[in-house]
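**Q** The structure is given below, and queries will be raised subsequently.
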Amino acid sequence: MTPWEHHTALTRDRLITIGKLIERGRNDALDRFDASAGCTGWTLGCEAFAFQKHQIEATAPDVDWLEILNPTMQFVFSVGGVPIRFYRGEPDDPNARTLKQTFSELQQLSLFGADELVKLTSEPLYRFAIETDLDGAITAVTFVVLAGDTPVLTWQVPLDEAVTKVSPLWVAGSEGVDLPAPAVGIAARKQKDGTTE
22 MTPWEHHTAL TRDRLITIGK LIERGRNDAL DRFDASAGCT GWTLGCEAFA
72 FQKHQIEATA PDVDWLEILN PTMQFVFSVG GVPIRFYRGE PDDPNARTLK
122 QTFSELQQLS LFGADELVKL TSEPLYRFAI ETDLDGAITA VTFVVLAGDT
172 PVLTWQVPLD EAVTKVSPLW VAGSEGVDLP APAVGIAARK QKDGTTE
């Protein structure tokens, strides 16, 4: 079963788009990593989370199917109304923190408002698992549907696959600047005595 067969809002293009945003955020954190300035695995993890979160938040206003449900450190976003979180780790071995549902997830999955929220059965959890190598670079991003602590559906996001552009093609006010023609010619060669030919 694929994610889009599980829930129609979880289309292939949407999941690839989120996977690429996560990848871009982690790569931004890796680009800034500088051990000589005191960066450690802990600082890399904190920046990777913040930058991944930022990529998703910055894209949400331009995409109608992406919404931020909880912008705090318990970051939750929704894809077509399905609440999702991400974590670093194996898709088939989620930790206890990954398995916790936030209030915004429960509220999004509930048919009732915040005042009437009652959970009689457990809803599936939707997560992106981010696998990394020893240096912190992404080796895989997997979309996971969890029933309790058991993965019932895993789908590896093909990060090398193209998707529909999610940012605007034209930005208002980007008229450009007129520049004078460049000076073009053959470069002068220096002689051993310091003069040019």
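Residues 22 to 218 in our numbering are what the sequence shown lists, from first letter to last. For each residue, glycine too, the CB sits at the ideal point set by N, CA and C.
#1: Using DSSP with H/G/I as helix, E/B as strand and the rest coil, what is A58?
#2: Please report how far the alpha carbon of E144 lies from the alpha carbon of A168, in whole angstroms.
#3: Below 8 Å between beta carbons: does that hold for H28 and G46?
#4: Shortest alpha-carbon distance to Y222 belongs to which of L87, G66, A81, G101?
#5: The beta strand (DSSP E) with P104 in it runs from where to where?
#6: From N91 to F98, what distance separates their C-alpha atoms?
#7: Within the continuous beta strand (DSSP E) that includes A150, where are the two ends?
#8: According to DSSP, what are the bridge partners of F164?
#9: Comparing C-alpha positions only, which one of T163, E182, R35 sits nearest to W176?
#10: If you drop the 5 nearest sequence neighbours on each side, which residues of the same chain put their C-beta closer than 7 Å to that of L180?
#11: Let me make sure I understand the geometry here. Which of N48, R210, G110, G62 has the alpha-carbon closest to that of A158?
#12: Tell me the DSSP bridge mates of L87?
#13: Apply the 10 Å Cβ neighbour rule to Q73 and answer buried if 16 or more other Cβ atoms are within range, or exposed otherwise.
#14: Let me know if P201 comes out buried or exposed under the rule of 16 or more other beta-carbons within 10 Å of its beta-carbon.
#15: Excluding sequence positions up to five away, which residues of its chain have a Cβ less than 7 Å from the Cβ of T32?
#16: Measuring straight from C-alpha to C-alpha, what distance separates D34 and W86?
#17: Quick check on the DSSP output: the alpha helix (DSSP H) that includes T38 runs from which residue to which?
#18: Cutting at 7 Å between CB atoms, please list the residues of its own chain near V100, excluding the five before and the five after it.
#19: Which residue marks the beginning of the alpha helix (DSSP H) containing R196, and which one marks its end?
#20: Look up I159 in the DSSP assignment and give the residues it is bridged to.
**A** According to the structure data:
#1: helix
#2: 7 Å
#3: no
#4: What the structure shows of the chain is the stretch from 22 to 218, and residue 222 is not part of that stretch, so it cannot be assessed.
#5: 103 to 109
#6: 7 Å
#7: 146 to 153
#8: F149, W176
#9: T163
#10: G40, K41, E44, V162
#11: N48
#12: V100
#13: buried
#14: exposed
#15: W25
#16: 11 Å
#17: 33 to 53
#18: A30, L31, R35, I39, W86, L87
#19: The residue you asked about is not Arg; residue 196 is Glu in the sequence shown. Where E196 is concerned, there is no enclosing alpha helix (DSSP H), given that its DSSP letter is neither H nor E.
#20: T153
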